[in-house]
Amino acid sequence: MNRRRSYKRRKTLYKLIIFDVDSTLTVTKSGATFRKTAHDWQWMLGRLSKLHQLKQAGVRLAIATNQGGVAFGYFEVADILRELQAMARIAGIPKGGLYICYTHPKASKEMFRAVDNRRKPGPGMLLEAMRDFEASPEETLYVGDLPEDEEAAKNAGVAFEWADKFFSEDSHVAIQAPSDSSAK
Ligand SMILES: [Mg+2]
């Protein structure tokens, strides 16, 4: 018996996969938990190649990220937007696939102080992505690293996978339909 076979689960193919950014796709260069400046980021190992694989297989890719640092004056909207757009461009994620929430309920900058259902764990950004990419909840997966990410997925009614798992061999996510799928 092939022992590995017993661990194999059915993999799911998604039309739309939405990703968190910080500690899901990127980490800081400074070693801090959260970026101190807009350009304080670098790709995590293996992330970019997997995104390219998914893109090539025809999966629609999007980003949904809380950037509350703006609300506390760590960086400006224009600066973080430029960095996220550059990141998305490298990954092959379209400009329209970038969903960012700048608000925070306790923001020090008043104009960003808000209770907003776009801010995770609210489902707002995920719902916007599903609408824009015409994907149903069943066709959509959210990938993140924090409980608020898991909660946002639940609130939007979509599947969730932890980033570490998603980017490992053990992921339950299929990159493309098996070649014999037409035989079913
Ligand atoms: Mg994160």
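Reminder that position 110 of the sequence shown reads as 110 in my numbering, one-by-one numbering, no gaps. Glycine is no exception: its CB is placed at the ideal position from the N, C-alpha and C atoms.
Excluding its 5 nearest sequence neighbours in each direction, valine 77 has C-beta neighbours in its own chain below 8 Å: Val70, Tyr102, listed in chain order. For aspartate 149, DSSP records no beta bridge to any residue. Phenylalanine 19 has Ile63, Val143 as its beta-bridge partners, per DSSP. In this structure, DSSP gives isoleucine 93 a state outside helix and strand, which the three-state scheme calls coil. Leucine 51 is positioned such that its CB atom lies closer than 8 Å to that of alanine 91. The C-beta distance from leucine 61 to isoleucine 17 rounds to 6 Å, short enough to meet the 8 Å contact threshold. Remark: the shortest separation between the CB of leucine 146 and any heavy atom of ligand 1 falls under 7 Å. Beta-carbon to beta-carbon, leucine 98 and alanine 114 are separated by about 20 Å, too far to satisfy the 8 Å threshold. Taking aspartate 132 as the centre and dropping the five residues before and after it, the same chain places the C-beta of Gly96 closer than 7 Å to its C-beta, in chain order. Ranked by how close their Cα comes to the Cα of lysine 15, the residues Val27, Gly58, Gln53, Phe34 have Gly58 in first place. For a cut-off of 8 Å, the C-beta gap from lysine 11 to valine 173 is around 6 Å, short enough to register as a contact. With a cut-off of 7 Å, the C-beta of serine 30 is classified as distant from ligand 1, since no heavy atom of the ligand falls inside that distance. Annotated three-state conformation of arginine 119 is coil, per DSSP. Leaving aside the five residues that flank proline 121 on each side, the residues in its chain whose CB is nearer than 7 Å to its CB run, in chain order, Glu148, Glu151, Ala152, Asn155.
Secondary structure note for glutamate 128: it is in no beta strand (DSSP E), and the uninterrupted alpha helix (DSSP H) holding it is 124-132. Nearest to proline 123 by alpha-carbon distance, out of Ser30, Ser108, Thr140, Glu110, is Thr140. At a Cβ-Cβ threshold of 8 Å, tyrosine 142 and leucine 127 do not count as neighbours.
When the Cα atoms are used, phenylalanine 160 and lysine 29 turn out to be separated by approximately 27 Å. Following the DSSP letters along the chain, one finds phenylalanine 160 inside the beta strand (DSSP E) bounded by residues 159-162. Cβ-Cβ distances below 7 Å link lysine 165 to Ser171 in the same chain, with the five nearest sequence neighbours on each side left out; the list follows chain order.
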